[in-house]
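Each remark here refers to the structure printed beneath this line.
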Ligand SMILES: [Zn+2]
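Numbering (the working numbering), first residue to last: 11 to 273.
In structure tokens:
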């Protein structure tokens, strides 16, 4: 499996993985470092922990952007550590991880990749974000932001004010359509607008390459078009087929978004 570090700013890195086109963040401080997401299982988390040790000897604080399997099931490799997440992410992981495990198995089967069938209980975050929280790394601080419902009801973005780098989790997606499986399509554009108010120089999506704010604004605009189509569908002004054909996103993504309107 190929993986590589890319330095986005002084002491702010992203580790890019071919599997899932995943991006994991690392922010270095003189007291400790923050790692943004931990990959899909404890072995992958251990690979990441080893790779981080080659960059910094400092202890790691973990931030989980959300409770999808590919972002949170590697956390055990970082313990003991403070693990930050939204309170609803904590609640989700405290249920024991069966949902994440099933998602991981389904993904592995679909991609013909072996995966241990044994359920690994996820680490339950012990530091909670409800709105916004500052985390002090010693010589710099980062801000953990919950911009409202979007990709899930508990997304956290990590903002580095001194470098202008924003780790957006799956609120932003590059190289594929956004994932609406657990999304709130009517609210998602507003959450992205909230992130853009930080005026980031570089935005790191949960999947895909780092992007500029202009890319994020364009994706927000597409999300807003879809949200309008969803509202028109709910008002019976257009039918399902019309919503799919008019959407800026591919049919599977739009169908998934429309299926989320009942909740
Ligand atoms: Zn996700």
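Ideal Cβ placement from N, Cα and C applies to all residues, glycine included.
Quick one: measure Cβ to Cβ for residue i and residue j, integer angstroms, because I've assumed they're closer than 8 Å.
| i | j | result |
| --- | --- | --- |
| residue 81 | residue 161 | About 10 Å separates the two Cβ atoms, so there is no contact after all. |
| residue 32 | residue 49 | 7 Å |
| residue 165 | residue 201 | 7 Å |
| residue 190 | residue 253 | About 13 Å separates the two Cβ atoms, so there is no contact after all. |
| residue 113 | residue 78 | 7 Å |
Looking at residue i: is its Cβ nearer than 9 Å to the Cβ of residue j?
| i | j | result |
| --- | --- | --- |
| residue 216 | residue 47 | yes |
| residue 169 | residue 182 | no |
| residue 188 | residue 239 | no |
| residue 55 | residue 83 | yes |
| residue 132 | residue 71 | no |
| residue 95 | residue 137 | yes |
| residue 68 | residue 87 | no |
| residue 116 | residue 129 | no |
| residue 148 | residue 20 | no |
| residue 119 | residue 37 | no |
| residue 208 | residue 258 | no |
State yes or no: is the beta carbon of residue i nearer than 9 Å to at least one beta carbon in chain C?
| i | result |
| --- | --- |
| residue 163 | Reference to chain C is not applicable here, since this structure consists of a single protein chain. |
Nearest to residue i by CA position, among the options, is which residue?
| i | options | result |
| --- | --- | --- |
| residue 195 | 69, 163, 17 | 163 |
| residue 22 | 30, 28, 44, 120 | 44 |
| residue 35 | 128, 236, 62, 172 | 62 |
| residue 255 | 236, 104, 37 | 236 |
| residue 73 | 243, 134, 190 | 134 |
| residue 272 | 179, 247, 241 | 241 |
| residue 111 | 260, 37, 20, 52 | 52 |
| residue 180 | 124, 25, 198 | 198 |
| residue 146 | 124, 16, 42, 98 | 42 |
| residue 97 | 141, 57, 124 | 141 |
| residue 24 | 178, 251, 246 | 178 |
Take residue i and list the residues in its own chain whose beta-carbon comes closer than 6 Å to its own, dropping the five residues that flank it on each side.
| i | result |
| --- | --- |
| residue 143 | 154 |
| residue 185 | 31, 218 |
| residue 221 | 184, 213 |
| residue 92 | 71, 137 |
| residue 193 | 161, 270 |
Under the three-state reduction of DSSP, which class applies to residue i: helix, strand or coil?
| i | result |
| --- | --- |
| residue 153 | strand |
| residue 232 | helix |
| residue 55 | helix |
| residue 118 | helix |
| residue 257 | coil |
| residue 100 | helix |
| residue 130 | coil |
| residue 87 | helix |
| residue 48 | coil |
| residue 243 | helix |
| residue 305 | What the structure shows of the chain is the stretch from 11 to 273, and residue 305 is not part of that stretch, so it cannot be assessed. |
| residue 81 | helix |
| residue 217 | strand |
| residue 197 | coil |
| residue 65 | coil |
| residue 274 | One cannot answer for residue 274 here, as it falls past the ends of the chain, which runs 11 to 273. |
| residue 136 | coil |
| residue 172 | coil |
| residue 178 | strand |
| residue 209 | coil |
Which residues in the same chain have their Cβ closer than 8 Å to the Cβ of residue i, if we skip the five residues on either side of it in sequence?
| i | result |
| --- | --- |
| residue 210 | 169, 174, 175, 176, 223, 226 |
| residue 249 | 243 |
| residue 206 | 223, 226, 227, 230 |
Beta-carbon within less than 7 Å of residue i's beta-carbon, same chain only, minus the 5 sequence neighbours each way: which residues are those?
| i | result |
| --- | --- |
| residue 260 | 187 |
| residue 100 | 134, 135, 138 |
| residue 106 | 131 |
| residue 104 | 134 |
| residue 263 | 187, 188, 190 |
| residue 265 | 254 |
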